[in-house]
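Heads up: the sequence shown begins at 5 in this note's numbering, then just goes up one per residue.
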Amino acid sequence: MPADRIISLLPAATEIICALGLDNRLVGRSHACDFPETVKQLPVCSYDRIGSNLSSLQIDEQVKQLLTNALSVYELNNELIEQLLPDVIITQDQCAVCAVSLPEVEKALSAQLGKPAQIISLQPNSLAEIIGNIEEVARTLGATTAGENLIEELQERVDIIRHKLKFIDAKPTVACIEWLDPLMVSGNWVPELVAIAGGEPVMAEAGKHSPYIQWEDLRLQDPDVIVLMACGFSIERTLKEVETLLQLPGFSDLRAVKNKRLYIADGNHYFNRPGPRIIDSIEILAEIINPKQFIFGYEGDGWIKFEV
5 MPADRIISLL PAATEIICAL GLDNRLVGRS HACDFPETVK QLPVCSYDRI GSNLSSLQID
65 EQVKQLLTNA LSVYELNNEL IEQLLPDVII TQDQCAVCAV SLPEVEKALS AQLGKPAQII
125 SLQPNSLAEI IGNIEEVART LGATTAGENL IEELQERVDI IRHKLKFIDA KPTVACIEWL
185 DPLMVSGNWV PELVAIAGGE PVMAEAGKHS PYIQWEDLRL QDPDVIVLMA CGFSIERTLK
245 EVETLLQLPG FSDLRAVKNK RLYIADGNHY FNRPGPRIID SIEILAEIIN PKQFIFGYEG
305 DGWIKFEV
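Below you can see the structure in the form of structure tokens.
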């Protein structure tokens with residue numbers, strides 16, 4: 005039987021479903037699912053326990069407090085989920101801050117739905133695993149051919165970038181900042197994206213979770229390029245917090261700052277979402293790192309140059 009009623013509790017999963025042409029089967033979404041625009045019409049099945057007007061430091065402190073108390077950062081609307089009678093619920097089991105976690109979904113399903121429902125839990129740490137998740141979702145939802153076509157299209161876009169950079173030896177060091185206060189650099193798939201786009205990722209390892217760093221560590225590393233891609237933040241939201249970095253001692257002396265290679269990217273819509281637009285993220289990095297070779301048209305929307 006096809007999965008006719010799908011609830012997605014993960015923005016990346018929602019984007020995968022829509023890219024597969026199955027958006028007509030979506031009956032519910034998370035509060036964070038906002039792309040494509042049409043999904044905003046769907047019933048919202050989760051709520052954020054973190055205040056939207058808090059600073060980066062306050063958000064970090066509140067998240068840590070919730071996790072210390074064994075509370076989820078997000079809360080499910082169990083009553084609504086029961087009413088929607090899903091065949092499939094898609095969530096993740098990777099990051100307690102990124103989306104509703106698998107234990108929360110299992111807890112909700114322990115209530116009587118009146119019908120069996122399948123849980124798909126996504127937990128990618130690399131580009132290959134993101135592609136694997138797309139394949140898994142397509143197969144589970146009976147859209148294998150659409151999945152193969154989508155993956156082929158995404159791979160072709162990556163191959164174009166790799167081919168164009170094949171004979172370029174210069175690779176600037178690139179630090180991707182995932183959180184501003186306290187400082188955190190982007191791990192998981194982001195170092196791999198940087199490498200594909202022609203840079204040398206620093207201070208984070210591909211496939212490993214994003215680590216906290218000290219300001220002095222970044223100062224000593226002194227990368228050629230710095231990209232601020234705060235998790236869950238738009239460019240506008242990051243601009244409101246950037247003063248936190250500007251006030252750090254010696255920030256204006258960093259090589260990237262002096263050479264006008266400090267950038268702000270939309271972390272919320274691109275780098276933090278392990279779905280089809282992760283390839284857009286590679287293209288954004290290619291534009292930033294190798295502007296003479298690539299113009300994909302993301303500047304102004306996906307990223308901006310920030311001059312101190």
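By construction, the Cβ of each residue, glycine as well, lies at the ideal position given by its N, Cα and C atoms. This structure is a prediction, so every number in the text was calculated from the model and none was measured.
Residues in the same chain with beta-carbon distance under 8 Å from residue i, minus the five sequence neighbours each way, listed in chain order, please.
i      : result
TRP307 : VAL231, ILE239, TYR267, ILE268, ALA269, ASP270, ILE288, GLU291, ILE292
VAL312 : LEU250, PHE255, SER256, VAL261, LEU266
ARG9   : ARG29, VAL31, LEU88, LEU89, PRO90, ASP91, VAL92
GLN297 : LYS168, LEU169, ILE172, GLY202, ALA290
ILE124 : ALA17, VAL92, ILE93, ILE94, THR95, GLU140, VAL141, THR144
VAL246 : LEU184, LEU232, ILE268, PHE310
Start and end of the alpha helix (DSSP H) containing residue i?
i      : result
SER125 : Here SER125 belongs to no alpha helix (DSSP H); instead the beta strand (DSSP E) covers 122-126.
SER220 : With the sequence shown as reference, residue 220 is identified as Glu, and Ser is not the correct amino acid for it. Where GLU220 is concerned, the enclosing alpha helix (DSSP H) stretches over 219-225.
ASP284 : 282-293
LEU88  : 82-88
ASP163 : 148-168
GLU245 : 239-245
ILE138 : 131-144
First and last residue of the beta strand (DSSP E) that includes residue i?
i    : result
ASP8 : Taken as a continuous stretch (DSSP letters only), ASP8 belongs to no beta strand (DSSP E), as it is neither H nor E.
State the CB to CB distance for the pair residue i and residue j, rounded to an integer number of angstroms; the pair is presumed to be in contact (CB under 8 Å).
i      : j      : result
ALA147 : LEU24  : 5 Å
LEU145 : LEU26  : 6 Å
MET207 : GLN225 : 6 Å
ASN81  : CYS37  : Actually they do not touch by this definition, with Cβ atoms about 14 Å apart.
ALA234 : LEU184 : 6 Å
VAL198 : CYS180 : 7 Å
GLY32  : ILE85  : 7 Å
ASN192 : ASN129 : 5 Å
LEU58  : SER34  : Actually they are not in contact, since the Cβ atoms of LEU58 and SER34 sit about 20 Å apart, beyond 8 Å.
SER190 : PHE310 : Not confirmed; about 17 Å, so no contact.
ASN153 : PRO278 : That belief does not hold up - the Cβ atoms of ASN153 and PRO278 are roughly 19 Å apart, past 8 Å.
ILE135 : ILE155 : 6 Å
Kindly identify the DSSP beta-bridge partner or partners of residue i.
i      : result
THR95  : SER125
ILE230 : ALA179, LEU266
GLY32  : ILE11
LYS309 : TYR267
SER190 : In the DSSP output, where bridge partners are listed per residue, SER190 has none listed.
VAL48  : ARG33
TYR78  : ASP52
PRO205 : VAL178
LEU184 : LEU187
TYR216 : MET188
GLU19  : Partner(s): none; GLU19 has no beta bridge.
GLU41  : The partner list for GLU41 (beta bridge, DSSP) is empty, contrary to what the question assumes.
GLU303 : TRP307
On the criterion of 16 or more Cβ atoms from any shown chain inside 10 Å, does residue i qualify as buried, or is it exposed?
i      : result
PRO280 : buried
ASP305 : exposed
HIS213 : exposed
PRO253 : exposed
SER256 : exposed
HIS167 : exposed
TYR216 : exposed
PRO295 : exposed
THR18  : buried
GLY301 : exposed
PHE237 : buried
ILE1   : The structure shown does not extend to residue 1, since the chain is modelled only from 5 through 312, so no value can be given for it.
GLN62  : exposed
PRO228 : It is Asp, not Pro, that sits at residue 228 in the sequence shown. Classification of ASP228: buried, given that the 10 Å Cβ count is 16 or more.
GLU182 : buried
THR149 : exposed
ILE11  : buried
ALA174 : exposed
TYR51  : exposed
Who are the Cβ neighbours of residue i in its own chain at under 6 Å, not counting the five residues just before and after it?
i      : result
VAL141 : ILE20
PRO40  : CYS22
ALA201 : ILE286, LEU289, ALA290, ILE293
ALA74  : With a pLDDT of 41 at ALA74, under the threshold of 50, the modelled position of this residue cannot be trusted; read the value that follows with caution. Correct list: empty, nothing qualifies.
GLN116 : Bear in mind that the predicted position of GLN116 carries a pLDDT of just 48, short of 50, making it too unreliable to give a figure here.
PRO195 : PRO205, ALA208, ALA210
LEU158 : ILE283
THR242 : LEU232, ALA234, ILE268
PRO220 : According to the sequence displayed, residue 220 carries Glu and not Pro. Cβ neighbours of GLU220 beyond the five flanking positions: none.
ALA7   : ASP91, VAL92, LEU145
Sorted by chain position, which residues of the same chain lie with C-beta nearer than 7 Å to residue i's C-beta, five sequence neighbours on each side aside?
i      : result
LYS44  : ASP38
THR248 : SER60, LEU184, ASP185
THR42  : ASP27
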